[in-house]
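Engineer:
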Amino acid sequence: MKISNFSVKQLTVLASIFMAATFVICYLTFRYFFTYDLAVERALTQQQEEVHRVKTLLRIQKNDLAKNLMDYASWDDVADYIVGHNDELLHDSLNDHSFSSLEVSGVFIFDPNVSLVWGRLYDYVEDKELSYQAIRYKFGALLADSLRSPTDKVTSYIKFLVLNDQPHLMATSRVCNSEGIACDKGFMMMIKPIGQEFSRTLRQATGLTVEIKTKHELDSFEHLAENVSVIEKLDYQNESTVFVEIHHSAKIPDFITWRELSAVLAFAVFMFAFNLGLAHIIVKPVKRARSALDSLMSGNASILTEQDSFISYEMRDFVYRINEVFNQLEAKQKELEWLALHDSLTKVGNRRSLQQYWDSLLEQRDQRHISLLLIDIDYFKPFNDHYGHIEGDRVLQQVASCLVQTPTQSEKFVARFGGEEFCVVLSSESKIDNQQEAEWLRASIAELQILHEYSPIAGGITVSIGVADCALQPFDELQDIFLVADAALYQAKDLGRNKFVIHSL
Numbered sequence: 003m004k005i006s007n008f009s010v011k012q013l014t015v016l017a018s019i020f021m022a023a024t025f026v027i028c029y030l031t032f033r034y035f036f037t038y039d040l041a042v043e044r045a046l047t048q049q050q051e052e053v054h055r056v057k058t059l060l061r062i063q064k065n066d067l068a069k070n071l072m073d074y075a076s077w078d079d080v081a082d083y084i085v086g087h088n089d090e091l092l093h094d095s096l097n098d099h100s101f102s103s104l105e106v107s108g109v110f111i112f113d114p115n116v117s118l119v120w121g122r123l124y125d126y127v128e129d130k131e132l133s134y135q136a137i138r139y140k141f142g143a144l145l146a147d148s149l150r151s152p153t154d155k156v157t158s159y160i161k162f163l164v165l166n167d168q169p170h171l172m173a174t175s176r177v178c179n180s181e182g183i184a185c186d187k188g189f190m191m192m193i194k195p196i197g198q199e200f201s202r203t204l205r206q207a208t209g210l211t212v213e214i215k216t217k218h219e220l221d222s223f224e225h226l227a228e229n230v231s232v233i234e235k236l237d238y239q240n241e242s243t244v245f246v247e248i249h250h251s252a253k254i255p256d257f258i259t260w261r262e263l264s265a266v267l268a269f270a271v272f273m274f275a276f277n278l279g280l281a282h283i284i285v286k287p288v289k290r291a292r293s294a295l296d297s298l299m300s301g302n303a304s305i306l307t308e309q310d311s312f313i314s315y316e317m318r319d320f321v322y323r324i325n326e327v328f329n330q331l332e333a334k335q336k337e338l339e340w341l342a343l344h345d346s347l348t349k350v351g352n353r354r355s356l357q358q359y360w361d362s363l364l365e366q367r368d369q370r371h372i373s374l375l376l377i378d379i380d381y382f383k384p385f386n387d388h389y390g391h392i393e394g395d396r397v398l399q400q401v402a403s404c405l406v407q408t409p410t411q412s413e414k415f416v417a418r419f420g421g422e423e424f425c426v427v428l429s430s431e432s433k434i435d436n437q438q439e440a441e442w443l444r445a446s447i448a449e450l451q452i453l454h455e456y457s458p459i460a461g462g463i464t465v466s467i468g469v470a471d472c473a474l475q476p477f478d479e480l481q482d483i484f485l486v487a488d489a490a491l492y493q494a495k496d497l498g499r500n501k502f503v504i505h506s507l
């Protein structure tokens with residue numbers, strides 16, 4: 003069924019349904035592309051900040067462990083112990099209290115040949131000794147970074163380590179003298195647990211649930227819950243064996259809740275009823291408006307009663323008549339637009355269209371060469387004074403037509419600048435031969451052989467031309483280019499007229 007056969011009521015219902023549906027679609031679209039997207043972006047930014055806080059705390063823990071290790075490694079008592087001259091070191095500085103205050107579970111001292119001099123793995127929380135058999139034959143690999151380190155200063159290296167299926171931080175360094183140099187006394191290693199106790203410390207410092215797991219404890223990355231990030235850490239073999247699992251407090255929001263969706267749908271229903279009533283009220287005057295339009299066109303008055311019916315046939319007839327009026331207005335508008343952009347006498351562009359054309363060229367300023375030519379009819383005032391303004395207008399029309407039709411190797415735009423002055427804009431993707439272009443224009447005007455008995459330089463109409471060669475760098479302001487072209491034009495006049503002068507920017 004064609005839409006023209008629907009009643010206004012039917013069309014109103016369809017329009018109301020369409021508007022309600024459009025509202026819901028627009029709301030969801032806006033929600034997705036703006037509100038929801040911004041909320042997700044904000045949540046992700048906050049999650050990144052939370053990850054950064056955890057990384058910072060991990061870095062602080064590593065730095066504390068490195069500092070503690072370097073304090074011991076650059077202590078003469080440790081060097082003396084390696085050569086067997088300081089047995090009090092173990093009793094005074096590496097006792098149970100030392101392990102607890104340093105929050106380390108393991109300390110190992112090696113001679114320069116990487117032979118273990120003394121080592122202990124101790125759980126200071128449970129107060130029990132632990133076995134370090136799992137790393138006893140890996141000391142060379144664990145000390146690899148320190149073995150390659152320079153011996154002129156104390157340097158520590160921090161790695162992650164899985165020991166007895168628990169994650170740890172491991173720091174290694176060369177043993178130096180008390181000045182932190184001559185680091186050839188041996189090697190030292192400290193091991194710090196980063197299990198549940200460390201996780202509680204992170205939770206207290208960041209307010210986040212942070213779990214440090216080994217590779218065997220971590221679930222597959224594909225099954226990670228939403229709003230959970232994982233930081234991978236490399237061990238001494240550069241393998242991912244320790245993972246920091248962060249449960250974010252900043253949650254990625256749901257796209258829309260049922261409560262919000264219910265509110266949107268309720269509002270859509272309200273919009274449907276409101277639009278239905280409003281459309282019914284608005285459509286009533288359609289017939290009256292059509293009759294009023296008829297009366298306006300015929301010059302008669304029209305009186306409508308409230309009993310007039312409003313169906314789609316009248317609506318269609320009303321639209322047709324409005325279209326007729328709009329077509330007439332459109333034709334007038336096009337005529338006015340043409341007059342607004344053209345000189346009514348010469349039919350070429352005017353200053354307004356010249357500015358618009360120049361603005362369009364500026365958008366391509368990196369690709370196109372541009373030249374502006376300012377053209378003045380020589381001794382035009384004497385021509386007007388002796389031949390009359392009607393002949394003067396005819397000359398302006400002939401000159402304008404000649405400027406448009408003169409052959410060129412560039413794209414050309416011609417406008418009347420004012421009085422007997424014209425402006426020609428040339429543009430090209432290659433360099434413009436301004437001398438050739440100006441000569442073509444000058445010669446074309448001379449070849450018209452328009453009689454001018456009162457010209458002191460020739461028997462016919464001639465022109466003087468000033469050229470501003472912008473090349474690939476035109477000024478943003480057209481007035482600045484005109485100043486350059488105008489100066490060239492005045493120079494051409496001073497040289498005797500019927501000439502052209504080119505100035506480069």
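In terms of this note's numbering, the sequence shown opens at residue 3 and continues consecutively. Even for Gly, the Cβ is constructed at its ideal location relative to N, Cα and C.
Taking only the alpha-carbon atoms, compute the straight-line gap between Q135 and I248 and give it to the nearest angstrom.
Structural biologist: So the two alpha carbons sit approximately 32 Å from each other.
Engineer: Quick one, which of A402, L450, A470 and L376 has its alpha-carbon nearest G461's?
Structural biologist: Answer by Cα proximity: L450.
Engineer: Roughly how many whole angstroms lie between the Cα atoms of A173 and D147?
Structural biologist: So the alpha carbons of these two residues sit roughly 10 Å apart.
Engineer: Alpha carbon to alpha carbon, how far is H250 from V56?
Structural biologist: For H250 and V56, the distance between alpha carbons rounds to 11 Å.
Engineer: Can we say the region 47 to 64 touches the region 88 to 104, given the rule of at least three CB pairs closer than 8 Å?
Structural biologist: Not touching, per the Cβ criterion.
Engineer: With a threshold of 9 Å between beta-carbons, can S412 be considered close to chain C, or not?
Structural biologist: Annotation note: the requested chain C is absent from the structure, which comprises a single protein chain.
Engineer: Which full runs of the beta strand (DSSP E) of 3+ residues lie inside the region 181 to 223, going along the chain?
Structural biologist: Whole beta strand (DSSP E) segments, 3+ residues: 188 to 195 and 211 to 216.
Engineer: Give me, in chain order, the residues of the same chain whose beta-carbon lies closer than 7 Å to that of G197; leave out the 5 immediate sequence neighbours on both sides.
Structural biologist: Closer than 7 Å at the Cβ level, and outside the excluded window around G197, lie Q168, P169 and I214.
Engineer: Could you have a look at L16 and say whether DSSP puts it in helix, strand or coil?
Structural biologist: Helix at L16.
Engineer: Compute the beta-carbon to beta-carbon distance between C404 and L356, rounded to the nearest angstrom, for a pair I have assumed lies under 8 Å.
Structural biologist: Not a contact, Cβ separation roughly 18 Å.
Engineer: Could you tell me the alpha carbon to alpha carbon distance between S242 and E219, rounded to whole angstroms?
Structural biologist: If I take the Cα positions, the gap works out to 13 Å.
Engineer: With a threshold of 8 Å, are at least 3 pairs of Cβ atoms found where one atom belongs to the region 419 to 435 and the other to the region 363 to 378?
Structural biologist: As far as the Cβ criterion goes, the region 419 to 435 touches the region 363 to 378, which means the pair count is three or higher.
Engineer: Using alpha carbons as the reference points, say which of R370, T203, V156 and L171 lies closest to F162.
Structural biologist: Cα-wise, what sits closest to F162 is L171.
Engineer: For the region 363 to 412, which segments carrying the beta strand (DSSP E) assignment without a break, of at least 3 residues, lie completely within its bounds, in sequence order?
Structural biologist: Within the region 363 to 412, the complete beta strand (DSSP E) runs of at least 3 residues are 371 to 379.
Engineer: Considering only C-alpha positions, which residue in the set L364, S373, I27 and D94 is nearest to N436?
Structural biologist: Here the closest residue by C-alpha is S373.
Engineer: Can you tell me whether A460 is helix, strand or coil according to DSSP?
Structural biologist: It is coil, neither helix nor strand.
Engineer: In terms of residue numbering, what span does the alpha helix (DSSP H) encompassing V80 cover?
Structural biologist: Run containing V80: D78 to I84, per the alpha helix (DSSP H) assignment.
Engineer: Under DSSP, the beta strand (DSSP E) around Q481 begins and ends at which residues?
Structural biologist: That residue, Q481, is in no beta strand (DSSP E); its alpha helix (DSSP H) goes L480 to D496.
Engineer: Along the chain, which unbroken stretches of the beta strand (DSSP E) at least 3 residues long are found entirely within the region 101 to 151?
Structural biologist: Qualifying beta strand (DSSP E) stretches, in chain order: 108 to 112, 118 to 125 and 130 to 132.
Engineer: With DSSP collapsed to three states, give me the class of H454.
Structural biologist: Of the three classes helix, strand and coil, the one that applies to H454 here is coil, per DSSP.
Engineer: Taking only the alpha-carbon atoms, compute the straight-line gap between A75 and S158 and give it to the nearest angstrom.
Structural biologist: Answer to the nearest angstrom: the Cα atoms are 9 Å apart.
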